[in-house]
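I have placed the structure first, in the form of structure tokens, so that the comments after it can refer back to it.
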Amino acid sequence: MLTLHTPVSPSAPSSETPATASSSGSAAPATTGREWWRHSVIYQVYPRSFASSGGPLGDLRGITERLPHLRDLGVDALWLSPFYVSPQKDGGYDVSDYRDVDPRFGTLADAEQMISRAHELGLRVIVDLVPNHTSDEHEWFRAALAAGPGSPERERYWFRDSEEVPNNWRSIFGGSAWTRVCDRPDAPGSPWEDDQQWYLNLFDSSQPDLNWNNPEVHQEFVSILRFWLDRGVDGFRVDVAHGLVKDPDLPDWGGEVHMVDGVEESDPADGESPAPPRAPMFDQDGVHEIYREWHEVLAQYEGDRALVAEAWVTPESQLAKYVRPDEMHQAFNFAFLASEWDAAQLREVIATSYAANDAVEAPTTWVMSNHDVIRHASRLGMDFTGKQQNGIGAEDPQPDNVLGLRRAKAATLLTLGLAGSVYLYQGEELGLPEHSTLPDALREDPAFFRTGGEEKGRDGCRVPLPWEASSPGFGFSPDGETWLPQPASWARLAVDAQTGEDDSTLEFYREAIRLRREWDLGIAELAWDADFDGRDVVAFVSSAPAEAAGNPAGADADSPAPQRPTVRVITTFGEAVHVPEGWQVAISSSPVTEGVIGTDTTAWLTRS
Ligand code: GLC
0 MLTLHTPVSP SAPSSETPAT ASSSGSAAPA TTGREWWRHS VIYQVYPRSF ASSGGPLGDL
60 RGITERLPHL RDLGVDALWL SPFYVSPQKD GGYDVSDYRD VDPRFGTLAD AEQMISRAHE
120 LGLRVIVDLV PNHTSDEHEW FRAALAAGPG SPERERYWFR DSEEVPNNWR SIFGGSAWTR
180 VCDRPDAPGS PWEDDQQWYL NLFDSSQPDL NWNNPEVHQE FVSILRFWLD RGVDGFRVDV
240 AHGLVKDPDL PDWGGEVHMV DGVEESDPAD GESPAPPRAP MFDQDGVHEI YREWHEVLAQ
300 YEGDRALVAE AWVTPESQLA KYVRPDEMHQ AFNFAFLASE WDAAQLREVI ATSYAANDAV
360 EAPTTWVMSN HDVIRHASRL GMDFTGKQQN GIGAEDPQPD NVLGLRRAKA ATLLTLGLAG
420 SVYLYQGEEL GLPEHSTLPD ALREDPAFFR TGGEEKGRDG CRVPLPWEAS SPGFGFSPDG
480 ETWLPQPASW ARLAVDAQTG EDDSTLEFYR EAIRLRREWD LGIAELAWDA DFDGRDVVAF
540 VSSAPAEAAG NPAGADADSP APQRPTVRVI TTFGEAVHVP EGWQVAISSS PVTEGVIGTD
600 TTAWLTRS
């Protein structure tokens with residue numbers, strides 16, 4: 000059988016790390032090969048929409064109260080999108096104070112309480128770090144506006160003198176990436192009323208990009224890391240990790256950037272060099288120095304703290320640079336998320352992901368949904384199943400949510416069968432579809448406004464969760480208020496409606512996560528399943544790594560652990576397949592009857 004992935008074996012600190020695996024040439028840190036971030040299931044909480052202790056917006060107390068849901072789901076950790084002080088122009092990814100909690104979400108004491116309650120329940124906590132830009136309400140940016148051109152305060156951002164817009168860069172949310180100070184809505188009557196300088200904002204004009212050539216910016220973020228590490232967080236998800244360093248010449252560039260699936264280089268004009276220039280604002284080599292610096296900071300703390308990169312970087316070998324042994328620990332695998340529902344594409348992305356990450360001894364992550372993309376229970380029910388348009392509007396072609404959910408469950412079971420770390424997005428365990436008919440008047444995503452409504456934006460995947468079928472607002476908040484409306488059909492998807500129902504999506508997730516943990520599938524040796532060569536399936540075999548056979552991660556070495564079974568994972572697409580002789584179904588995403596695994600189904604098989 001063709002090996003697909005071999006897990007990392009324990010190592011002592013070594014200075015003999017191969018040059019390809021070390022970014023600095025310094026000694027690679029030791030690994031047990033079993034650190035939590037190598038194999039965990041991590042659940043993304045979007046605080047605005049998880050649970051509220053009062054009012055239409057979710058908050059930290061609401062999260063703390065509902066943490067037992069995550070324990071019961073069986074995940075290892077949660078990652079929270081930002082809950083810091085923020086004007087909420089981009090759902091909190093516009094931070095005005097990195098060391099405090101926005102009053103809408105609670106207090107710093109609520110954050111500490113949430114972290115300690117999570118730890119009591121055996122859940123690790125990852126928080127979001129937004130280092131590419133601040134809010135325009137951050138004290139640094141206010142000081143920069145007030146201090147005027149040429150001031151050291153402006154050196155923390157990218158201010159430029161220029162008669163015309165400084166270059167042709169586009170904001171990822173639409174429009175130019177430059178804003179002239181005097182064009183700001185707060186300019187009239189202010190000291191900067193006539194200020195002609197421009198500043199760079201790769202996202203909204205309320206999110207000015209920081210200048211990482213300035214040592215003060217480095218010091219500030221090391222201090223922010225320490226602030227939250229001291230409060231016990233287990234890691235950071237690093238927002239736009241590929242964006243911090245810009246080509247200082249700020250050259251024009253003709254490519255396009257899309258959220259999540261990344262950069263599309265422009266075709267070279269006739270007669271020009273065939274290689275179009277790399278994006279000057281993304282994936283510059285200098286970012287790696289920052290992550291080596293942060294790795295050192297985390298390493299000074301007990302307990303395997305981790306960094307995960309949100310970096311829209313392709314190909315996977317380029318992305319793997321972010322997770323070399325002395326940099327970050329994980330990077331989101333967006334190539335997997337962006338893949339179409341197609342066996343050949345998925346096999347290819349699985350193989351290239353393992354090849355790239357295994358070469359640097361990093362875990363591969365697997366993710367299907369997050370707060371920036373159409374939920375996979377709807378995406379996989381559309382004509383085009385890859386990562387595509389930004390949001391769905393009432394007048395757009397609507398997804399087939401029955402087909403979407405069938406495939407989504409198959410995709411999830413495939414994902415949970417893979418070795419490495421898995422990210423789940425809140426509500427996918429309930430089978431929530433995208434809200435695809437939200438009225439435009441309720442939309443909040445800056446992408447909707449900056450594209451003049453051409454992009455519907457991300458609000459449809461951010462609708463408050465349904466907890467109780469018969470409570471107002473489905474129990475999201477005590478008074479039933481929700482900041483976005485929930486479709487009435489979500490009553491049957493509420494947590495209480497699905498709990499204990501054998502055929503519910505929620506019980507399916509619980510069982511799959513339980514088996515993954517029991518069998519230690521996160522740390523496994525994988526090989527392609529040769530019996531299915533040439534078929535329209537993704538099929539692989541998961542077995543215990545040679546040195547760990549019979550001793551799952553975390554098991555006490557003195558007490559013999561039960562032998563974990565060999566598991567065959569099979570996902571079907573266009574054709575049904577038969578369960579092979581001598582094997583039985585342990586779990587499947589849709590019922591398997593008379594030994595036939597129907598189309599769009601994943602099954603885990605063990606020996607009968
Ligand atoms: C990341 C976040 C996204 C946000 C953007 C700007 O991509 O995931 O939600 O809008 O960064 O901070």
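Mapping of the sequence shown onto numbering that gives the first Met the number 0: position 467 corresponds to residue 466, and the numbering continues sequentially without gaps. No residue lacks a Cβ here, since even glycine has one placed at the ideal position from N, Cα and C. Every value quoted in this text rests on a predicted model; they were computed, and no experiment measured them.
With a cutoff of 6 angstroms, tyrosine 92 counts as near the ligand GLC, since its C-beta is closer than that to a heavy atom of the ligand.
Within the chosen limit of 6 angstroms, the ligand GLC reaches the beta carbon of valine 239 through at least one heavy atom. Here glycine 430 is buried. Its C-beta has 16 or more other C-beta atoms within 10 Å. With a cutoff of 6 angstroms, phenylalanine 202 counts as near the ligand GLC, since its C-beta is closer than that to a heavy atom of the ligand. For valine 359, there is no enclosing beta strand (DSSP E), as DSSP gives it neither H nor E. If one requires a minimum length of 3 residues, the beta strand (DSSP E) runs lying completely within the segment 419-489 are 420-424, in chain order. Counting C-beta atoms within 10 angstroms of its own C-beta, serine 222 has fewer than 16 neighbours from the protein chains shown and is therefore classed as exposed. Under the three-pair Cβ rule at 8 angstroms, the segment 192-203 counts as touching the segment 136-154.
Note on glutamine 562: under 16 other CB atoms within 10 angstroms of its CB, so exposed under the neighbour-count rule.
In the DSSP assignment, the residues bridged to alanine 526 are Thr2, Val540. Relative to the ligand GLC, the beta carbon of aspartate 519 is positioned no closer than 6 angstroms to any heavy atom.
If you draw a straight line from the Cα of leucine 249 to the Cα of proline 279, it is about 7 angstroms long. Every beta strand (DSSP E) stretch that sits fully inside the segment 129-181 and reaches 3 residues is listed by chain position as 177-179. Proximity to glutamate 119 across Arg374, Ser48, Glu64, Val237 peaks at Glu64, based on C-alpha coordinates. Each residue's CA atom was taken as its position, placing glutamate 163 and asparagine 200 some 16 angstroms apart. Short of 6 angstroms from the beta carbon of leucine 412, and not among the five residues preceding or following it, lie these beta carbons of its own chain, in chain order: Ala511, Ser588, Thr601.
For glutamate 255, the enclosing beta strand (DSSP E) stretches over residues 255-257. The DSSP-derived three-state label of arginine 37 is helix. Apart from the 5 residues on each side of it in sequence, methionine 381 sits with its Cβ closer than 7 angstroms to the Cβ of Pro398 in its chain, given in chain order. Restricting attention to Phe333, Gln497, Pro28, Ala418, the CA atom closest to the CA of valine 566 is found in Ala418. Contact between aspartate 233 and arginine 123 holds: CB atoms are separated by about 4 angstroms, below the 8 angstroms threshold. Taking a contact to require three or more Cβ pairs closer than 8 angstroms, the segment 288-301 and the segment 319-329 qualify as touching.
A distance criterion of 6 angstroms places the beta-carbon of aspartate 135 beyond contact range of the ligand GLC, judged by its closest non-hydrogen atom. Listed in chain order, the non-local C-beta contacts of phenylalanine 572 below 6 angstroms within the same chain comprise Ala342, Asp535, local neighbours out to five positions each way being set aside.
For aspartate 371, the CB falls within less than 6 angstroms of some heavy atom of the ligand GLC. Taking the C-beta atoms as reference points, proline 130 is found nearer than 7 angstroms to phenylalanine 220. DSSP places glycine 416 in the uninterrupted alpha helix (DSSP H) bounded by 400-416.
Secondary-structure assignment with DSSP links tryptophan 211 through no beta bridge to anything. Taking the C-beta atoms as reference points, tyrosine 424 is found nearer than 7 angstroms to asparagine 369.
Under a 10 Å Cβ-count criterion, methionine 0 is classified as exposed, with fewer than 16 other Cβ atoms of the shown protein chains found around its own Cβ.
Remark: the C-beta of aspartate 101 is outside contact range of the ligand GLC, defined as less than 6 angstroms to any heavy atom. In this structure, the CA atom of aspartate 251 is about 34 angstroms from the CA atom of arginine 374.
Taking non-hydrogen atoms of the ligand GLC into account, the C-beta of aspartate 260 is found less than 6 angstroms away from none of them. Across the structure, glutamate 467 and isoleucine 171 are spaced so that their CA atoms are roughly 37 angstroms apart. Scanning the segment 296-379 from its first residue to its last, the whole alpha helix (DSSP H) runs of 4-plus residues come out as 315-318, 333-337, 342-357, 375-378. DSSP, read as helix, strand or coil, puts glycine 234 in strand.
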